[in-house]
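Colleague: Numbering (the numbering used here), first residue to last: 6 to 592. Below is one structure. I have some questions about it.
In structure tokens form, the structure reads like this:
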């Protein structure tokens, strides 16, 4: 049986200390620390190393089935998991958007295949969302455990069956429950107090995980090997760091920061023959670009119902915060909706038609956060340049205040034939399978932080513009002054400018697994910006409409990928063909 690696989520302030000499080995997992202030990991028997950013939430599991746990981080501000296949300073091997800001990360072998995979605990719902592969997608398993505000999630193989079980501890009392029954729990009890930090591991090598705590009052781990009172006590000052555990060295020995342990070595059972580690396959070209992403959230089927002819904005405001509004199929003419906090609006075949005069279809200007829009068609609005028919920015492109609305989710929307930008995204925005086509300016614009675009399509936007307009504001997407952005699985084609364009101090950007074809300018243009990874994209037949090529004076605008006056940009594993240029760098 493969050993499972647990984590502690309670975060505490930090002062780094170097590991002391390694103690005598006995059977079991190791214990260590993560410093949330610096991103530094400390494991016994090796030099400390950095992985992640300050403020990230650490996780550690066996991501590739090799029997060795390695590090990972959950970035709460973006909902992204960053996983590494070794325990050293470096970049993540896997980046996955899974969950929403505020979720708590968890990991384990949920299906017994020998590979640990990701999960999150959403405290607002008391639900675990577990995935059986380290890839983006919807949850494979959903469990409800515990009812406490601020519950601390954990996971472990407590019965040695090769499958990890999830649980939650009440931070006020130390009372815990765990079970994978889809409702209710298998076991409950107390171990430690609410002031202690939980930690789990196979301390004695008997094939199942046991409880442990870190008690700040005495600066020591208290570990149990038999499900009862602690029988191992390890002195190791946490000094404000997060307590971690895992088999980080692939050895059957508990290595600590000092002190021999009163326990006899035992062999670790080998994995069953039928457990074959999963081998990830390359995914250079999305098999179905524009239609593969999913938020993992259920679409409501009941709520306040609206019908064509209703005053939608009055109905939305009258429904109150947190309400669900279901739009009956049909066309709603000239309407502008300003959602309230935590509302969900479901299109259900509804069409918002601006008749060429209304500026906004959906407008986020009233500080309303956590809004979700599903299944709407939006057409014939006239927002103008730098503005979206669907627009929920907190600030204007180059400054100015619109409010503090954040964390909107748009799903399965069709936005088209608007005289302006189709959609303009703000802080915390998530787009899933949003199709934005045939708009006079951009398909998608954005200004803000923590933004994700997953799946979807931007096509035939910005056609017929002058060269000057194309140089300023045109293409499939243009994101300006953004941070912490992921574009994944997007299909950008036949646009009058670049397919995908980032400009003016963008930073911490990932563009991956996307397809850009037949755009008049670059497939991907990264300009005057920083810190990006452009990987696993396919770019075909881009750049032939660039005026330099048309007029016989070619420059770099026609390249499949153009990096212009930008720093710390990694371009890897992209396929470029039949374009006016390949990969170009301009300083």
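The C-beta atom is built at its ideal place from N, Cα and C for all residues, glycine as well. In this text, all values refer to a predicted model and were calculated from it rather than measured experimentally.
Starting from the Cα of residue 546, find the closest Cα among 82, 531 and 582 and give me that residue.
Modeller: Cα-wise, what sits closest to residue 546 is 582.
Colleague: Ignore the nearest five residues each way along the sequence and tell me which others in residue 347's own chain have a CB closer than 6 Å to its CB.
Modeller: These residues qualify, in order along the chain: 326, 327 and 375.
Colleague: Could you check what DSSP says for residue 110 in three-state terms: helix, strand or coil?
Modeller: Here residue 110 sits in strand by DSSP.
Colleague: Given a cut-off of 8 Å on the beta-carbon distance, is the pair residue 537 and residue 252 in contact?
Modeller: Not closer than 8 Å, so no.
Colleague: Using 8 Å for Cβ pairs, my map puts residue 159 next to residue 132. What's the rounded Cβ distance?
Modeller: Not really, about 15 Å apart at Cβ, beyond 8 Å.
Colleague: Please identify the residue among 223, 44 and 245 whose C-alpha is closest to the C-alpha of residue 80.
Modeller: When each option's Cα is compared against that of residue 80, the closest is 44.
Colleague: For residue 591, is the classification buried or exposed, using 16 other Cβ atoms within 10 angstroms of its Cβ as the cut-off for buried?
Modeller: So residue 591 counts as exposed.
Colleague: Can you give me the C-alpha to C-alpha distance between residue 99 and residue 314, rounded to a whole angstrom?
Modeller: Looking at the two C-alpha atoms, the distance is approximately 49 Å.
Colleague: Report all residues from its chain with a CB closer than 8 Å to the CB of residue 94; omit the five preceding and five following residues, and keep chain order.
Modeller: Only 54, 55 and 56 meet the Cβ criterion.
Colleague: In three-state terms, what does DSSP make of residue 158?
Modeller: DSSP places residue 158 in strand when its eight states are reduced to three.
Colleague: Alpha carbons only, please: which of 76, 61, 67 and 70 is nearest the one belonging to residue 47?
Modeller: The shortest C-alpha separation from residue 47 is found at 76.
Colleague: Would residue 163 and residue 171 qualify as a contact pair, given that the criterion is a beta-carbon distance under 8 Å?
Modeller: Cβ atoms of residue 163 and residue 171: not closer than 8 Å.
Colleague: Just the C-alpha distance for residue 427 and residue 484, rounded to the nearest angstrom, thanks.
Modeller: Roughly 13 Å separates the two Cα atoms.
Colleague: For residue 306 and residue 217, what's the separation of their Cα atoms in angstroms?
Modeller: Rounded to the nearest angstrom, the two C-alpha atoms are 44 Å apart.
Colleague: Looking at residue 339 and residue 363, is the spacing between their C-beta atoms short of 8 Å?
Modeller: Yes. Within cutoff.
Colleague: Rounding to the nearest angstrom, what Cα-Cα distance links residue 441 and residue 518 in this structure?
Modeller: Taking the straight line from one Cα to the other gives about 19 Å.
Colleague: From this set, 438, 118 and 580, which residue's C-alpha is nearest residue 457's C-alpha?
Modeller: The residue with the shortest Cα to Cα distance from residue 457 is 438.
Colleague: Span of the beta strand (DSSP E) holding residue 200?
Modeller: Careful: residue 200 lies outside any beta strand (DSSP E) and carries neither H nor E.
Colleague: Using a Cβ-Cβ cut-off of 7 Å (strictly less than) and excluding sequence neighbours within five positions of residue 317, which residues of its own chain qualify?
Modeller: Only 311, 337, 340 and 342 meet the Cβ criterion.
Colleague: Taking the alpha-carbon positions, what's the residue 161 to residue 36 distance?
Modeller: Roughly 15 Å separates the two Cα atoms.
Colleague: Residue range of the beta strand (DSSP E) that residue 486 falls in?
Modeller: Segment 482–493, the beta strand (DSSP E) holding residue 486.
Colleague: Using a 10 Å radius around the Cβ and a threshold of 16 neighbouring Cβ atoms, would you call residue 469 buried or exposed?
Modeller: Burial call: exposed.
Colleague: Are the beta-carbon atoms belonging to residue 534 and residue 497 less than 8 Å from one another?
Modeller: Contact: no.
Colleague: Would you report the Cα separation of residue 188 and residue 393, rounded to the nearest angstrom?
Modeller: Residue confidence is low: residue 188 scores 49 on pLDDT, short of 50, so the model does not pin down where it sits. Its coordinate-derived value is still stated next. C-alpha separation (whole angstroms): 43 Å.
Colleague: Opposite residue 475 in the DSSP bridges: which residues?
Modeller: Residue 475 pairs with nothing; no bridge assigned.
Colleague: By the 10 Å Cβ neighbour count, where 16 or more other Cβ atoms means buried, how is residue 177 classified, buried or exposed?
Modeller: So residue 177 counts as exposed.
Colleague: Hey, out of 221, 223, 228 and 219, whose CA is closest to residue 208's CA?
Modeller: Residue 228 is the option with its Cα nearest to residue 208.
Colleague: May I have the straight-line CA-CA distance separating residue 145 from residue 116, to the nearest angstrom?
Modeller: Spanning the two alpha carbons is a distance of roughly 10 Å.
Colleague: Which residue wins for smallest C-alpha separation from residue 461, given the options 443, 495 and 576?
Modeller: It is 495.
Colleague: Just grab the DSSP bridge partners of residue 364 for me.
Modeller: BP columns for residue 364 are empty, so no partner.
Colleague: Given that a residue counts as buried once 16 or more other Cβ atoms are within 10 Å of its Cβ, and exposed if not, what is residue 141?
Modeller: Residue 141 is buried by the Cβ-count criterion.
Colleague: Start and end of the beta strand (DSSP E) containing residue 317?
Modeller: Here residue 317 belongs to no beta strand (DSSP E); instead the alpha helix (DSSP H) covers 317–324.
Colleague: So, are the CB atoms of residue 373 and residue 410 less than 8 Å apart?
Modeller: Contact flag set, yes.
Colleague: Going by beta carbon distance, what residues of the same chain come within less than 6 Å of residue 578, once the five residues before and after it are set aside?
Modeller: Within the same chain, residue 578 has close Cβ partners 540 and 541.
Colleague: Quick check on the DSSP output: what are the complete beta strand (DSSP E) runs of length 3 or more inside the stretch 513–538, in order along the chain?
Modeller: With a minimum length of 3 residues, the continuous beta strand (DSSP E) runs that stay inside the stretch 513–538 are 520–522 and 529–532.
Colleague: Once DSSP output is grouped into helix, strand and coil, what is the label at residue 334?
Modeller: Residue state, collapsed to three classes: coil.
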